[in-house]
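**Student:**
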Amino acid sequence: MTNCAEMVFPVVRTAGLDGMIVTFGDQLSEPANRAALAFRGAVQQQDLPGVCETSTSLTSVYLRFDTDQLRHARLAEVLQDMLAAQDWYGAPLPSGRRFWRVPTVYGTELAPQLGEAADLAGMSEAAAIDSLSSARVRVLTIGFAPGQPYLGPLGHEWNIPRQTELTPMVPKGALVQAISQLVLFTAATPTGWRHVGQTGFYLFQPDADPAFALRPGDELVFESVPVADFHRLCTSDPLRGGATAQEIRS
Amino acid sequence: MNGLKIIRIGPAASVQDLGRPGLLGQGVSRGGAADVLALAEGAALLRQDAGLAALEISGLGGEFEATGPLRIALTGAPMDAAIDGANVPWNASHHLQAGQRLTLGSVRKGNYAYLHLGGGIQTGEYLGSRSAHLSAGLGSAAAAGDLLPVGKDTNRECGLVLDPGSRFHGGTLRLVESFQSALFSAEERARFAETEFKRGTRANRMGVEVLPDGPGFAAQGQLNILSEVIVPGDVQMTGDGKPFVLLRECQTTGGYPRIGSVLPCDLPIVAQASAGAVLRFQWVTLEDGLNAQARFQTQLASLRGACRPLLRDPAGMADLLSYNLIGGAVSARADPFDAGGDQ
Chain A
1 MTNCAEMVFP
11 VVRTAGLDGM
21 IVTFGDQLSE
31 PANRAALAFR
41 GAVQQQDLPG
51 VCETSTSLTS
61 VYLRFDTDQL
71 RHARLAEVLQ
81 DMLAAQDWYG
91 APLPSGRRFW
101 RVPTVYGTEL
111 APQLGEAADL
121 AGMSEAAAID
131 SLSSARVRVL
141 TIGFAPGQPY
151 LGPLGHEWNI
161 PRQTELTPMV
171 PKGALVQAIS
181 QLVLFTAATP
191 TGWRHVGQTG
201 FYLFQPDADP
211 AFALRPGDEL
221 VFESVPVADF
231 HRLCTSDPLR
241 GGATAQEIRS
Chain B
251 MNGLKIIRIG
261 PAASVQDLGR
271 PGLLGQGVSR
281 GGAADVLALA
291 EGAALLRQDA
301 GLAALEISGL
311 GGEFEATGPL
321 RIALTGAPMD
331 AAIDGANVPW
341 NASHHLQAGQ
351 RLTLGSVRKG
361 NYAYLHLGGG
371 IQTGEYLGSR
381 SAHLSAGLGS
391 AAAAGDLLPV
401 GKDTNRECGL
411 VLDPGSRFHG
421 GTLRLVESFQ
431 SALFSAEERA
441 RFAETEFKRG
451 TRANRMGVEV
461 LPDGPGFAAQ
471 GQLNILSEVI
481 VPGDVQMTGD
491 GKPFVLLREC
501 QTTGGYPRIG
511 SVLPCDLPIV
521 AQASAGAVLR
531 FQWVTLEDGL
541 NAQARFQTQL
551 ASLRGACRPL
561 LRDPAGMADL
571 LSYNLIGGAV
581 SARADPFDAG
591 GDQ
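Protein chains in written order, with our numbering: chain A, 1 to 250; chain B, 251 to 593.
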């Protein structure tokens with residue numbers, strides 16, 4: 001096995017006894033995330049007999065497969081052939097993605113850490129709201145909790161570290177920020193990320209169909225709204241807080 | 251609806267089946283029974299499908315009342331079990347008549363006991379499974395007053411027993427190298443397999459802490475690795491170098507480096523190891539791992555044939571004098587499948 005420091009990407013490796021993982025980078029970058037999303041789309045389209053499920057992380061595609069039906073060596077060969085067939089880092093993103101506009105309150109008592117995050121990013125609160133509310137971010141991956149997206153990448157000025165102390169609890173729908181990314185929490189949780197915005201957009205409803213609002217590759221803008229409008233939207237649209245979606249034409 | 255009513259129950263019991271594979275991409279791990287061998291044993295004892303749901307009970311048992319005639323099986327970590335006060339054997343199937351009460355004590359060894367119903371427990375499904383996954387907000391813990399509804403029971407065979415596979419005292423866990431193993435030096439990986447571990451106290455359905463008898467294990471560049479997919483069995487090193495073996499309800503991604511991945515067939519040993527039990531790790535090749543997993547699948551398939559009729563030990567029968575011990579001898583033509591004739 002090669003040392004990770006010398007690794008050349010993309011790389012195909014085993015994951016546990018019945019999985020394989022294709023990794024496009026050891027750092028998060030837009031091209032590496034794009035490659036992962038596009039490659040997973042292509043794997044799904046291939047519909048290989050024996051592949052049970054696929055998922056993406058920030059820069060990788062994971063495949064779980066039936067080892068009776070598909071041998072490791074054979075799957076590795078198929079994946080290498082697919083990798084060699086095109087430049088995945090510049091590939092178009094899969095179709096079926098949506099663009100969401102999400103009404104968001106920045107700062108105030110609803111999102112009390114905006115000021116702290118703005119300081120660390122070296123800008124005023126007003127400039128931070130302008131920056132965050134105009135950024136069109138992508139669902140880089142979904143994980144950690146059901147339906148919970150990692151969003152980005154934001155500009156380098158937002159590459160601020162996580163807090164060393166956890167915030168004891170932020171509510172469902174909280175928009176939190178660190179390391180050039182945003183996370184929109186699907187449940188109340190303690191976190192080391194800073195609570196910069198609050199939405200009424202609930203991404204995971206186990207009893208609804210579909211249960212999950214977002215898919216990897218979807219794009220979002222968190223538009224700034226006044227507190228009064230936010231409360232009105234949460235009352236009239238209790239699960240989405242006024243968030244709207246349209247198909248992205250590819 | 252017929253079923254089993256919960257009169258009282260310990261704090262950590264929930265309905266579990268084989269879980270919900272296929273939702274990793276949406277951040278939902280497969281979950282399901284912590285000990286899939288116990289789930290399969292219960293299905294074999296009741297002559298039914300291993301995908302049916304059972305009640306998983308961790309630590310402290312409870313008391314239950316049948317609302318109609320039921321077949322039950324008890325598997326996994328053994329508990330003292332009694333029907334209307336009379337002790338009944340573990341890893342066996344039994345009849346409950348309407349109104350009869352089943353009591354389960356605390357686990358004597360291991361962690362997870364299973365109470366199976368003939369026809370399976372038919373609580374509601376969430377995302378294609380009846381398994382509670384509490385951290386994901388799916389389902390809820392079993393509580394006093396709940397009725398566990400039973401599915402249609404198409405079989406009447408009962409009074410069977412099965413030798414439990416030994417998995418309650420720790421043992422050797424076979425693991426394969428995985429995509430982050432190379433983050434650990436060859437010396438560190440070799441030392442991992444030479445180290446004796448004890449099952450720690452931090453353990454739940456997501457993972458089990460194992461404490462080395464020497465220094466912890468560190469990856470190179472441990473703090474800078476990107477969060478990556480987790481598969482059940484992965485052995486992750488937390489910041490203090492203490493390993494956790496992750497189980498089926500683990501998070502779907504994580505940033506701690508993982509030295510290797512325990513074979514799925516050895517995860518019941520991890521889940522059922524009592525606190526303080528000794529565990530060791532043994533590296534195996536991918537090919538040996540696949541062969542071991544295939545043997546385990548064969549073992550699961552052979553459980554049905556391994557069941558044998560339960561011979562009751564008179565010493566364990568608290569109400570011995572109330573039994574008509576020769577009554578069966580005069581009714582040679584009685585229908586042996588009549589549930590009413592089965593003591």
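The beta-carbon is built from N, C-alpha and C at its ideal position, and this holds for glycine as well.
1. Taking Ser264(B) as the query, report the chain A residues whose CB atoms sit under 7 Å from its CB, ordered along the chain.
2. If you scan the segment 447-513 of chain B from start to end, which runs of the alpha helix (DSSP H) of 4 or more residues do you find wholly inside it?
3. Are the segment 451-468 of chain B and the segment 538-558 of chain B in contact at 8 Å, needing three or more beta carbon pairs?
4. Going by DSSP, what residue range makes up the beta strand (DSSP E) through Ser224(A)?
5. For Ile129(A), name the three-state secondary structure that DSSP assigns.
6. Under 8 Å Cβ-Cβ, which residues of chain A neighbour Gly539(B)?
7. Pro271(B) touches chain A at which residues, Cβ-Cβ below 9 Å?
8. At a cut-off of 8 Å, is Gly387(B) close to the ligand HEM when judged by its beta-carbon and the heavy atoms of the ligand?
9. Indicate whether at least one CB of chain C lies closer than 9 Å to the CB of Asp68(A).
10. What does Asp267(B) reach in chain A if we use C-beta pairs closer than 8 Å?
11. So Pro399(B) is in the alpha helix (DSSP H); what residue range does that whole segment cover?
12. Out of curiosity, what's the CA-to-CA distance linking Ala336(B) and His344(B)?
13. Can you tell me the Cα-Cα spacing of Leu560(B) and Arg406(B), whole angstroms?
14. Quick check: what's the CA-CA separation for Val485(B) versus Glu125(A)?
15. According to DSSP, which residues form a beta bridge with Lys255(B)?
16. What are the residues that DSSP puts in a beta bridge with Phe212(A)?
17. If contact is defined by three or more beta carbon pairs under 8 Å, each pair taking one atom from either stretch, is the segment 232-245 of chain A in contact with the segment 127-139 of chain A?
18. Could you tell me whether any Cβ in chain B is nearer than 9 Å to the Cβ of Ser180(A)?
19. Output needed for Met456(B): all residues of its chain with C-beta closer than 8 Å, excluding positions within five of it in sequence on either side, in chain order.
20. How many angstroms separate the CA atom of Arg358(B) from the CA atom of Gln372(B)?
21. In angstroms with no decimal places, state the Cα-to-Cα distance between Gly566(B) and Met329(B).
22. Does the Cβ-Cβ distance between His597(B) and Ala288(B) come in under 9 Å?
23. Consult DSSP for Asn541(B) and reduce its assignment to one of helix, strand or coil.
24. On the criterion of 16 or more Cβ atoms from any shown chain inside 10 Å, does Glu247(A) qualify as buried, or is it exposed?
25. Comparing alpha-carbon positions, which option in Trp193(A), Pro94(A) and Gln181(A) lies nearest Gln45(A)?
26. At the 9 Å Cβ level, is Thr503(B) part of the contact set with chain A, yes or no?
27. So Phe531(B) is in the beta strand (DSSP E); what residue range does that whole segment cover?
28. Just checking: is the beta-carbon of His72(A) within a distance shorter than 9 Å of some beta-carbon in chain B?
29. Would you say Ser511(B) lies against chain A (beta-carbon separation less than 9 Å)?
30. Quick one: does Gln549(B) have its CB under 9 Å from some CB of chain A?
31. Which stretch, first to last residue, makes up the alpha helix (DSSP H) that contains Val78(A)?
32. Only counting runs of 3 or more residues, tell me where the beta strand (DSSP E) segments fall wholly within the segment 107-174 of chain A, in order along the chain.
33. According to DSSP, is Trp193(A) part of a helix, a strand, or is it coil?
34. Would you mind telling me which residues of chain B sit closer than 7 Å to Leu58(A), beta carbon to beta carbon, in chain order?
35. Step through the CB atoms of chain A and report whether any lies within less than 9 Å of the CB of Gln372(B).
36. Looking at chain B, is there any beta carbon in it that lies within less than 9 Å of the beta carbon of Gly143(A)?
**Tutor:** To lay it out plainly:
1. By Cβ distance, chain A contributes nothing, its closest Cβ being about 15 Å from Ser264(B), past 7 Å.
2. none
3. no
4. Glu219 to Ser224
5. helix
6. Leu17
7. Cys52, Glu53 and Arg64
8. In terms of ligand content, the structure shown is empty, and the ligand HEM therefore cannot be addressed.
9. The structure shown contains no chain C; its protein chains are A and B.
10. Within chain A, no residue comes near Asp267(B); the closest Cβ sits about 16 Å away, beyond 8 Å.
11. Where Pro399(B) is concerned, there is no enclosing alpha helix (DSSP H), although the beta strand (DSSP E) it sits in stretches over Leu397 to Pro399.
12. 12 Å
13. 15 Å
14. 43 Å
15. Glu315(B) and Leu397(B)
16. Phe204(A)
17. no
18. no
19. Ser385, Leu496, Leu497, Glu499, Cys500 and Gln501
20. 28 Å
21. Summary for Gly566(B): the model assigns pLDDT 49, below 50, so the residue's position carries little reliability, and this model does not support an answer.
22. One cannot answer for residue 597(B) here, as it falls past the ends of chain B, which runs 251 to 593.
23. helix
24. exposed
25. Pro94(A)
26. yes
27. Val528 to Trp533
28. yes
29. yes
30. no
31. His72 to Ala85
32. 137-142, 149-152 and 167-170
33. coil
34. Leu476 and Ser477
35. no
36. yes
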